[in-house]
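Novice: The numbering used here runs 7 ahead of the 1-based position in the sequence shown.
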Amino acid sequence: MATTGHAQFATAIGTCGIAWNDCGLTRVLLPGKGLAAALSRDGGTSREAPPSVERVIAAIERLLAGVPEDLTFAALDLTDVPPFHTRVYELARHIRPGTTMTYGEVARALGDAGAARAVGQALGRNPFPIVVPCHRVVAARGRLGGFSAPGGADTKLRMLAIEGVAPATLPLFGR
């Protein structure tokens, strides 16, 4: 999953990063300290994104501004992603903005009701947040659950609120 290029772009939640190669996206980064360094570690050069990546950037910008967007068109380089994680990511990509699924529901949809923890671990290693909307997967009984991106659960809650998930459906405490 070698990166050939990367770029940063402004969104309603802060500056995000994106990296790509000829196969598709290699990484998406949410706002946080060390964004530029993380992109540089991936390799490639900072440069203007090709049209296919510009289309993804524009869709992410709109989504984070509150406009429902379908990002399933975005090509991902899944070369180094384990097969189970790939299955989880493909399923999660079809969770619509403004809706959520639990880790258990994702596991059942994959045909393994006992794999909820494995689903959580796969999403915790998601290199494509927003494009693979791991923030739309919550814990049992609507609890928020974890979020490995900068800002943790607060960022997850903010992204869900932008998408119109009613805060009343997610408990304020007991995350």
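For each residue, glycine too, the CB sits at the ideal point set by N, CA and C.
Nearest-angstrom Cα distance between residue 19 and residue 63?
Specialist: 15 Å
Novice: Whose C-beta lies closer than 7 Å to the C-beta of residue 21 among residues of the same chain, with five residues either side of it excluded?
Specialist: 38
Novice: Within a Cβ cutoff of 6 Å, which residues of the same chain sit near residue 79, ignoring the five residues on either side of it in sequence?
Specialist: Same-chain partners within the cutoff: 100.
Novice: In whole angstroms, what is the alpha-carbon distance linking residue 27 and residue 104?
Specialist: 24 Å
Novice: Just the C-alpha distance for residue 132 and residue 155, rounded to the nearest angstrom, thanks.
Specialist: 8 Å
Novice: Based on DSSP bridge pairs, tell me the residues matched to residue 23.
Specialist: Beta-bridge pairing links residue 23 to 16.
Novice: When burial is assigned at 16 or more other CB atoms within 10 Å of the CB, is residue 35 buried or exposed?
Specialist: buried
Novice: Helix, strand or coil for residue 88 per DSSP?
Specialist: Three-state DSSP puts residue 88 in coil, outside helix and strand.
Novice: In chain order, what residues of the same chain lie with their CB nearer than 8 Å to the CB of residue 76, ignoring the 5 residues before and after it?
Specialist: 66, 67, 69, 70, 104
Novice: When DSSP builds the beta bridges, which residues end up paired with residue 136?
Specialist: DSSP, once it has assigned bridges, lists 139 as partnering residue 136.
Novice: Only counting the same chain, and skipping five residues up and downstream in sequence, which positions put a Cβ closer than 6 Å to that of residue 126?
Specialist: Cβ within range, chain order: 95, 110, 113, 114.
Novice: Is the beta carbon of residue 56 closer than 9 Å to that of residue 25?
Specialist: yes
Novice: How would you call residue 152, buried or exposed, if buried means at least 16 neighbouring beta carbons within 10 angstroms?
Specialist: buried
Novice: What's the C-alpha gap between residue 141 and residue 61?
Specialist: 22 Å
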